[in-house]
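Notes for the one structure printed next.
Protein chains: 4
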Amino acid sequence: MITVSVVGASGYSGAELLKLLVRHSGVRIDRLFANTSAGKKLADVFPAFNKTLDIVLEQYSVESIAKSDLVFIALPSGEAMNIVPGILAAGKRVIDLGGDFRLQDTSLYEKYYKRPHTAALILKQAVYGLPEWNFSQIKSAVLIANPGCYPASAIPPLVPLLKDSIIEPAGIAISSLSGVSGAGKSTSLEMSFAEVNESVRAYKVGVHQHYPEICTVLTALSAVTPSLSFVPHLLPITRGIYTSTYANLKKNVNEEAVYAVYDKYYGKAPFIRYSISAIPEIKNVNYTNYIDIGFRVNQESRQIVVLSAIDNLVKGAAGQAIQNMNIMFGFDEKEGLK
Amino acid sequence: MITVSVVGASGYSGAELLKLLVRHSGVRIDRLFANTSAGKKLADVFPAFNKTLDIVLEQYSVESIAKSDLVFIALPSGEAMNIVPGILAAGKRVIDLGGDFRLQDTSLYEKYYKRPHTAALILKQAVYGLPEWNFSQIKSAVLIANPGCYPASAIPPLVPLLKDSIIEPAGIAISSLSGVSGAGKSTSLEMSFAEVNESVRAYKVGVHQHYPEICTVLTALSAVTPSLSFVPHLLPITRGIYTSTYANLKKNVNEEAVYAVYDKYYGKAPFIRYSISAIPEIKNVNYTNYIDIGFRVNQESRQIVVLSAIDNLVKGAAGQAIQNMNIMFGFDEKEGLK
Amino acid sequence: MITVSVVGASGYSGAELLKLLVRHSGVRIDRLFANTSAGKKLADVFPAFNKTLDIVLEQYSVESIAKSDLVFIALPSGEAMNIVPGILAAGKRVIDLGGDFRLQDTSLYEKYYKRPHTAALILKQAVYGLPEWNFSQIKSAVLIANPGCYPASAIPPLVPLLKDSIIEPAGIAISSLSGVSGAGKSTSLEMSFAEVNESVRAYKVGVHQHYPEICTVLTALSAVTPSLSFVPHLLPITRGIYTSTYANLKKNVNEEAVYAVYDKYYGKAPFIRYSISAIPEIKNVNYTNYIDIGFRVNQESRQIVVLSAIDNLVKGAAGQAIQNMNIMFGFDEKEGLK
Amino acid sequence: MITVSVVGASGYSGAELLKLLVRHSGVRIDRLFANTSAGKKLADVFPAFNKTLDIVLEQYSVESIAKSDLVFIALPSGEAMNIVPGILAAGKRVIDLGGDFRLQDTSLYEKYYKRPHTAALILKQAVYGLPEWNFSQIKSAVLIANPGCYPASAIPPLVPLLKDSIIEPAGIAISSLSGVSGAGKSTSLEMSFAEVNESVRAYKVGVHQHYPEICTVLTALSAVTPSLSFVPHLLPITRGIYTSTYANLKKNVNEEAVYAVYDKYYGKAPFIRYSISAIPEIKNVNYTNYIDIGFRVNQESRQIVVLSAIDNLVKGAAGQAIQNMNIMFGFDEKEGLK
C-alpha cells in the first residue's frame, strides 16, 4: 500500500486520476491540492465525487506531502517546474501529467511553451513515461514526464515502422482529432458549446507544443530523425483522440508484414491492441487505457496510413500515469486499469 | 422562369435541394419522384415542409417530366444510369447528384461502385459540374455529373497547387472528416446515434468510390498525375466536411506565395473563400454554398497542409447543383444561394 | 423598401437577424452597432458573413440611425432601456429582442431582472410582439417587445386552452428544454462544451425571468389568471426549444375537441402548425419561423400534455422580429421567412 | 465467489453488466448467451472487450447454466418469460433486466406490452428490485424484476412525498428525458444519428410500458394511488435519464421540510444523493450507480418540482442489477459499483 497526493485535483485530468485511484487496491489517497478551489471540498468542484471521495482541497506546500510516497502533478504546463525541485529534494517521487519535463532541450521548450524553463537542472532526471519503450527507466525513476495526449496517440504507431525502416522518415503527416477535454477546463468563447458543437477546426497548426515532443521522442526511440507535419483538430466530442498518420513506404510491404512488425514490438504490451482488419474507433477505447492501432497499405501510391485511437484522459493522461505508477512501485501493470 | 422536377425527393440531398429551390426566384417546381415513398405527401416524409411545399411524391416515369426543362436526380448511385438515357432522349437537361456519370472510365466505375455501368454510351456527354473549372462546358451541358461531397472539398484546394507546381504530385495525403448526412438516410446499426455519438472512425480506407474521382479529376484539371491517399472519417455531426490535405513542397514558397496562387485562380469565384490567416471551420460554411480554404507551410519539413471546409449537403451536393443550374440557364450564379 | 439598423449585431440573435434580413426583398441594411467589437468588420466576428455582408461594426449613437426607419435591438437585457427613449424621441420605430419592455409591471421587472427599470415612462408604448394575438397593435406600434424564447414556445399552446376553459388555470406545469444559443455568447465554464455535452440540467428553477412574462401574458390574452410552474432545462444542442406543458382538464374533451380549439384560433396563422397525430420535433422547426404543436389527452388522469417546438433563434427571436417588422411596415407576413 | 451467466450479452445492457461484473471481486463469469451473435466472440460484437474478456457467445440452453448460481437476463421484453420458468425449475436465481416480471397484473402487461403473458404462474415469485424499498424481499428472492430505466428515475423521488402526504396524489406530471441507449441497439431510421442529433421529441405519449410500472409501484410502496401523466422524450445524448416531476403540494412545506423527508427515508441509502441546494445534472451520475435528487418549492402556485438524474445503463439497468445481486448473495451493497 502506497500513499499518494495530487497537485491540481480540480482539473479534468486530476479528476480522472482520482476516479482511477479510488479503484486501485494498492493506493491510499492522502492530500489533494488546488489553487482557486482550495478550501472547497472535492465534491463541491466535481459533484460526481459526492459520497465517493470526501476530501477538502488545500493550497499546496511541500510540508503537506510529508507522508506521500508519490506526488501526481496535474497542473497547467509551466506550474510544475516551480514545485518539482522541492518535491524531489524532499525525497518524494513525482509523476507530472503536464509538459514541463517532456522536452530535454530547453530552447525547444521556450520556443513552443513561450516561457523560460526554470528547472533545467533536474530535467536530466526526468524519464519520458511511455511504458512500452521505457519500462526499465520508469521502474527506477524519481521523476516521470507523462506523455502529452497527442504524442500518446501518435508515437506508439510510428516507432516500430521507423525503427524497422518500413517507412520513409521524411514526408510524414500526422492528422489528429481531439475531444475538448484535452484543453482542460476552459472559459474561452471558442470552447463554449455553441462554438464547438456541429463544427470542426484545425488549430495551432505548426506551433502546437506536442509537435517537438513527437519529433524528439520519435528520434530518441527509433534512432531515425523524422521530418513531419502535425495538425491537431478540435472535435465536438468530450473525450478521445483519433490520429491518422500518413507515410511513404520505404520497403515493399503488405499488411501482413506491417502486422508482424507491430507484433514483434507490442506482442506483450498489455495496453496496445493492433489488428490487421479492424479499424480503430474512439468508442472502443474510451474510458480504457488501451491504444487501438489499425493500418492500410496503398500499393498504388506506395503509402501507408496508420490509425490510432486513445482516450485522451486515460491513455493520454491519467491512465498512463497510473500505469507508470504501477511500474515504479512494483504493482501489476494493469492494476486499477481494468 | 424554368420548370424543374426532382427524382429522389425523399432523401437528404433531395430535401436540401427542395429547400433551396423554394427560395429561387427563377424556378417553378413541377413534379417530385420517389420509390417507396411514392403516394405520400412530401410533408409526410419531411414534416419540415408542412405549409411550405405541398406536393405528392410520385413513381417516376419519363412521361411525367414532359413539362420540365431540367430534371435533378438525387438517387443512390447505380439508379440514375437506368433513367438518364431516357430523359436525354426526351430532350431534357439533367443534373445528377449521384456518382453514375463522374468517372469516364467504366472499369474504374465497376471497380469502386461494384457494378457494371449500363449507360456507357452517354458518358461522354457528361460534364463534371465543378463551376470554378468547367464553367463554359457546364453552360452548354445536357448532363451534369455533380461532384461527390469529398471531391468537392478536396479538389478545389489542390488543383492550383498542382497546376503551378507548388507541390509534389507524389506523397499527397487527404484526410477528410464528414458528418453523417453524407451517408444518406440509413437504417444500419453502425449509423445509429448510439454507435456514432462521441466517437470517430475511418472507413472504406483505400476503397471509397470518391478516391478515383479525386485522382482522375485532379489529373484532368491540373495536367499532372498525382499519387495520393484518401481517408474518409465519420464524425458525430450532421452536416459538414473538413478536409486536411498534406503535401510535400516542390517550390520553396511561403504563405504569401500560396495565397497568390489561390488568388490567381479563384479571385473571381463567388463561392470560394481563402485566407492567409484564418483557419476554416465547418460552422462558418454550414448552410452555405461556400468552400473555405486555409493553409500553413512547414518550412522545416518542406510540407504544406491545406485545410478546406464545406457543407456536404450544399456545396457538396444540392447547392453545387443549383449553382450548375444557374450557369446552364443563364441565371446569376448566386441566385438562390445567398 | 425600408432602411433598418441593428444595435447588438455581434451576438447570436443579431447574427441570425442579419442572415434573415439579407434575404428580405424589402429591406436595406444600413448601420450595425456593437460594443467591444466596434471597429471590426462583421465578418471578423462571424466569418460566415464573409463575401455576404461587408459592413463595419460601429459604436451606437442616436445620430447614426438618422436614415433608419426601424431599429432592431439585440442587446443583453438591461441595455435597451438606456437607448430606446432616445430612438423613439428621434421618431424611429423599434423592435427590441431583449427583455426590457416585456413586463409592464416594473416591480416584477426589478424582482426577476435584478435591476431597476430606468425607462418606465415609455413602457406603456410597448406592444408585446406576438403576432397571432396582437396583430393590430403591432401594425401601429412604435415599440415592439419581442417575446422571450421560452414564452414564444409556451404561450401559443396555452392561450386557446385557457380561453376556452379546456384546462384548469391552476396546477399547470411547463417543462422547457433549450439549446445553448438561448444563453447568447458565453465565456462561463458551465457553458463550455465539456460541461454541457452529454448532460442535461434544470436551471434558474423558480427564478427565471421568463416565468413572470409567461404568467402575465397568459393572463392578458386569456382573461384567466393561471397558476403554474416553469422549469427551463439546458440541453446539449445548439438551437431549438421543446416545451412540454401539463395541465388538468376542466372540460371532458377528447383530442378532436382540442384540435378544433387550435383550429378556431390558429386556422389562419401562417407560422403555427398543429396536428392531432404528429408529435413535434425540434428538427422539423429548426431554421424556420414555425411553431409546431401536438397534444395528447390522458382520460385516466384527466390531464392533457401539450408539446411545442420552435427554433429559439428564429420563432424565439430573430424570425419573430422579422414577422413583426413585416406587419408594422405592410409587407407580406411571410416575406423573408420562407 | 459466485458464478454467473448472462443471457442477452450482445445488447447495451448486457455489455454494461459485463463491464461491471469484470470489476466485481466476488464474481466469476461463466457463460454468455446471445441469439444472432451466437458463435462470435464477445470482442467481435464489442471490440472494447478485446484483451479484457475473452468468451464466445453461445445459444442459450438450460443445460448450459448448470454451474451458475445466478443468471442475468438482458433480453428484449417478451423473451425472458420463455426461459425463466426453466431456470427457476433448475434451482437457479434470476435477475431479469427486462420488463416481463415487473407488472403483477397480466392484463396491464398485455395492454402495454402488446402480447399475452406466458409465465403468469411464476409472477408472484418476482420481487421488484428497488433496493431502497424492497431490501429484505430482494435478499431472499429467486426472481428479481429489475426496474425499468424511467421508473428507476421517477419512483424514488416520489415515494417519500406520497407516503408522507407532502403532495397531492392527483395531477402529477412526470417529464422524463432519456439518452438513446435506453432504446437498445437499433436499426430504425428514427434512431439514426442524422435523425436524432440536434433534435428532441416526445414519444409513446400515454402508451409507454413504464407508465403502468410507475403507477403500480408507487401505489404499492406509498399506499396511495396517484393519478399522473408520464411523458418520455428522446435526447441526442448516449446515456442518462433526467426526470422532472411536477406535483401540487398537499402540506404547506418549505424546502427544509422536503429535505427532511428524503433524509428520513434515504439517509442510509448508499446510492441516493439528495440536496437542498444542488440541481442534479446527468454528467454527475453518468457511469455511476447514483440517483441524484433535487427539488424546488413554488410557494406562489403551491407546486413542487423534483428533479432526478440517473445513468440509464447503470442505476437504470446493469448497476441496479449488480446492487440487487450484492444483496441477494450477501456482498457489500457497493461492491463492484465504486
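Residue numbers (this note's numbering), protein chains in the order written: chain S, 1 to 338; chain C, 339 to 676; chain P, 677 to 1014; chain Y, 1015 to 1352. Glycine included, C-beta positions come from ideal geometry on N, C-alpha and C. Here the structure is a predicted model, which means the values were calculated and not measured.
- A Cβ of chain S is located within less than 9 Å of the beta carbon of residue 867(P).
- Here the C-alpha atom of residue 945(P) lies approximately 17 Å from the C-alpha atom of residue 823(P).
- Taking each of 352(C), 422(C), 388(C), 501(C) in turn and checking the Cα distance to residue 588(C), the smallest one comes out for 501(C).
- For residue 574(C), the C-beta contacts it makes with chain Y under 8 Å involve 1207, 1211, in order along the chain.
- When secondary structure is reduced to three states using DSSP, residue 96(S) falls in the strand class.
- Listed along chain P, the residues sitting closer than 8 Å to residue 187(S) by beta-carbon distance are 863, 864, 865, 868.
- In chain order, 94, 122, 125, 142, 143 place their CB closer than 8 Å to the CB of residue 88(S), counting only its own chain and leaving out the 5 sequence neighbours on each side.
- The DSSP-derived three-state label of residue 1159(Y) is strand.
- The beta carbon of residue 638(C) sits closer than 9 Å to some beta carbon of chain S.
- Around the CB of residue 1239(Y), fewer than 16 other CB atoms lie within 10 Å, so the residue is classed as exposed.
- Taking 8 Å as the upper bound on Cβ-Cβ separation, chain Y lies near no residue of the region 694-719 of chain P.
- Residue 615(C) has a beta carbon lying at 9 Å or more from every beta carbon in chain Y.
- Listed along chain C, the residues sitting closer than 7 Å to residue 202(S) by beta-carbon distance are 582, 617, 645.
- Interface residue (Cβ-Cβ distance to chain S less than 9 Å): residue 505(C) is not classified as such.
- Going by C-alpha positions, residue 1047(Y) is about 20 Å away from residue 1115(Y).
- Secondary structure of residue 1038(Y) (DSSP, three-state): coil.
- A check of alpha carbon separations from residue 212(S) across 107(S), 119(S), 233(S), 24(S) identifies 107(S) as the nearest.
- Close CB contacts of residue 1074(Y) within its chain, under the 6 Å cut and outside five residues either way in sequence, are with 1021, 1047 (chain order).
- Between residue 1024(Y) and residue 1078(Y), the C-beta spacing is not below 9 Å.
- Residue 285(S) belongs to the set of residues whose beta carbon lies under 9 Å from a beta carbon in chain Y.
- Put simply, of 201(S), 83(S), 184(S) the residue whose alpha carbon is nearest the alpha carbon of residue 624(C) is 201(S).
- Close CB contacts of residue 1111(Y) within its chain, under the 6 Å cut and outside five residues either way in sequence, are with 1027, 1088, 1160, 1331, 1335 (chain order).
- Around the beta carbon of residue 366(C), fewer than 16 other beta carbons sit within 10 angstroms, so the residue counts as exposed.
- Annotation for residue 574(C): 534, 535 place their beta carbon closer than 6 Å to its own, counting only its chain and skipping 5 residues before and after.
- The beta carbons of residue 430(C) and residue 407(C) sit closer together than 9 Å.
- Relative to the Cα of residue 810(P), the nearest Cα in the group 790(P), 832(P), 789(P), 826(P) belongs to 832(P).
- The beta carbons of residue 719(P) and residue 626(C) sit about 13 Å from each other, so the pair does not count as a contact at 8 Å.
- For residue 1334(Y), the three-state secondary structure derived from DSSP is helix.
- Here residue 303(S) is bridged, per DSSP, to 248(S), 298(S).
- Taking a 10 Å sphere around the C-beta of residue 1179(Y), we find fewer than 16 other C-beta atoms and assign the residue as exposed.
- Under DSSP, no beta-bridge partner is assigned to residue 841(P).
- Against chain C, the CB of residue 233(S) has a partner CB under 9 Å away; the residue lies at that interface.
- Proximity of residue 688(P) to chain S, defined by a Cβ-Cβ separation below 9 Å, is satisfied.
- Counting along the chain, residue 282(S) sits inside the alpha helix (DSSP H) bounded by residues 282-285.
- Per the Cβ contact rule, the region 176-192 of chain S is not in contact with the region 320-338 of chain S (fewer than 3 Cβ pairs under 8 Å).
- Taken in chain order, the whole alpha helix (DSSP H) runs of length 4 or more contained in the region 378-447 of chain C are 380-383, 418-427.
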